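This report concerns only the one structure given below.
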Amino acid sequence: MNVVIQRTPNITGEVIQMLTQYVGGVSMETMAGKIWEKYGAEFSESEGDAFRRQLAVFREVVERCVDQQMAETAPDQALLQFYFRSYASEPAGESINLAQSMVLTFLNIGIHDFDAQFRYVAKAFRQRGQSYIPQELCSGGMGIEDLESYLSKPLVQQLQELPYPPEFKWNLNLVLLDFDRYLGQLEELLRPFAAALERELRLFEPALAQFEARWNGYFASHTTEEFAGQFLNVDQSYGQADTAYVIPWIFGGNIVGIDTDDEGHVYAHVGILIQPFFRAARAPASLDQICPKLRALGDESKFEILQYIADKKAYGIELANELGLTTATISKHMSALRSYGLINAEKKDNNRVYFSINRTAIVDLLDDIRSCLIR
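Residues -3 to 371 (our numbering) are what the sequence shown spells out, left to right.
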């Protein structure tokens, strides 16, 4: 697989992340503190000094791009809350806000111009329709086993099935019914912050140059699968993809994410504070974490599903036919197994979702049981 390390961040994605942190009260110091607590002992003296210098740059940029813009433009605080207040899903606890749902769902990483990105989002929404955002929000499209049945439901019913609080679903309904107007409002809200961030990107040039060199070196001797296993603790194959793009996240300083598209590309978002020697550390599991997984394995149907996908991938309707269960029952079981991290899900073939067992998670669970019961 060809791996391309991008040096230029996506301004639109960055400014949304920046304001999400601002409204949510999350600082780069908080992110960096978690990194330092976890990996500080592994930094050399020079690496530690560079890490601290980078934090000073973050503080300066936030002051210029957020605090100063807040003072100069005095944006409507109610609008900021409307678009950037985050809501946690159940049961996974993943957070989302309206700005992320509207823009990041359609974000084209290859478009760095702010205005061009919003034109692309508007066009993509018209092409894919109102149902595309709720479809993606259902665990990234992975929680929908009978996609045709889901898409045939009224929009209100699709939104009701989202695993998010009622306030978020109500606001998203408003947005979807008049998407162009709300998108235009969000674009104008973000514009001064995006312009300020573009002016200050020069401050990140040393860090972005290091990012490019660092990850070129890493992928010279590691595969995309090894990257996903090391940083995300995910056992996933990307053999069908022909190109992987590694994109720097400035305001996602300690975040690592990986996704695929329908064109055979893999996109890895990597926070610029992340170092190649980092590893997804797994703290000892508590009984509250172990016992629900054991209850899931104790359900005969769920166990049969895991057996069926132990050495192959299968999609929802296939599982229903093979195991004699309804698609609704399969959907419920897969949602539970995914919430415990026991299975992987991969979208392909026009958004059909294929499931496979997460071998790493199963081995980790067995290790946790062993450590609790065999001493």
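Using N, Cα and C, we set each Cβ at its ideal position, and we do this for glycine too.
Predicted, not measured: the structure shown is a model, and the values here were computed from it.
Taking the beta carbon of residue i as the centre, do at least 16 other beta carbons fall within 10 Å, making it buried, or is it exposed?
| i | result |
| --- | --- |
| Gln13 | buried |
| Ser367 | exposed |
| Gln154 | buried |
| Trp211 | buried |
| Gln50 | buried |
| Asn167 | buried |
| Cys61 | buried |
| Pro162 | exposed |
| Asp364 | buried |
| Asn354 | buried |
| Gly249 | buried |
| Gly139 | The pLDDT assigned to Gly139 is 48, lower than 50, so where the model puts this residue is not dependable; a value taken from the coordinates is nonetheless given after this. Label assigned to Gly139: buried. |
| Ser335 | buried |
To the nearest angstrom, report how far apart residue i and residue j are at their CA atoms.
| i | j | result |
| --- | --- | --- |
| Trp32 | Gln131 | 37 Å |
| Ser145 | Ala324 | 10 Å |
| Thr8 | Phe299 | 43 Å |
| Arg348 | Tyr311 | 7 Å |
| Ser148 | Ala240 | 34 Å |
| Glu141 | Phe121 | Any reading at Glu141 is ruled out, since the residue's pLDDT is 48, under 50, leaving its predicted position unreliable. |
| Asp63 | Phe189 | 10 Å |
| Asp45 | Glu221 | 31 Å |
| Gly320 | Lys328 | 15 Å |
| Glu183 | Ile129 | 18 Å |
| Glu196 | Gly125 | 36 Å |
| Glu342 | Gln65 | 40 Å |
| Gly137 | Ala52 | Confidence is the limiting factor: at Gly137 the pLDDT is only 46, short of 50, which leaves the residue's position unreliable, though a coordinate-based value still follows. The straight-line gap from Cα to Cα measures roughly 39 Å. |
| Leu103 | Gln303 | 37 Å |
| Glu358 | Leu338 | The identity of residue 358 in the sequence shown is Ile, whereas the question assumes Glu. Their backbone Cα atoms lie some 6 Å apart in a straight line. |
| His261 | Ile370 | 44 Å |
Is the CB-CB distance between residue i and residue j below 9 Å?
| i | j | result |
| --- | --- | --- |
| Ala203 | Ile268 | yes |
| Glu10 | Leu193 | yes |
| Gln2 | Ile105 | yes |
| Ile254 | Gln232 | yes |
| Pro5 | Ile246 | yes |
| Leu199 | Pro71 | no |
| Met(-3) | Thr256 | no |
| Leu361 | Ile286 | yes |
On the DSSP bridge list, what partners appear for residue i?
| i | result |
| --- | --- |
| Asp255 | Tyr263 |
| Ala84 | Ser91 |
| Ala340 | Before going on, a small fix: residue 340 reads as Asn here, not Ala. Partner(s): Ser352. |
| Ala240 | Val(-1), Val262 |
| Tyr373 | Residue numbering for the chain in the displayed model covers -3 to 371; residue 373 lies beyond these limits and cannot be assessed. |
| Trp245 | Gly267 |
Tell me, to the nearest whole angstrom, how far the beta carbon of residue i is from that of residue j; I am working on the premise that it is less than 8 Å.
| i | j | result |
| --- | --- | --- |
| Leu283 | Ile301 | At roughly 25 Å, the Cβ-Cβ gap does not stay under 8 Å, so Leu283 and Ile301 are not in contact. |
| Tyr79 | Leu94 | 5 Å |
| Phe207 | Pro244 | 5 Å |
| Ser85 | Thr16 | Contact doesn't hold; Cβ gap of about 15 Å is too wide. |
Mind checking whether the beta-carbon of residue i lies closer than 8 Å to any heavy atom of the ligand ATP?
| i | result |
| --- | --- |
| Asp111 | Looking for the ligand ATP in the displayed structure turns up nothing, as the structure carries no ligands at all. |
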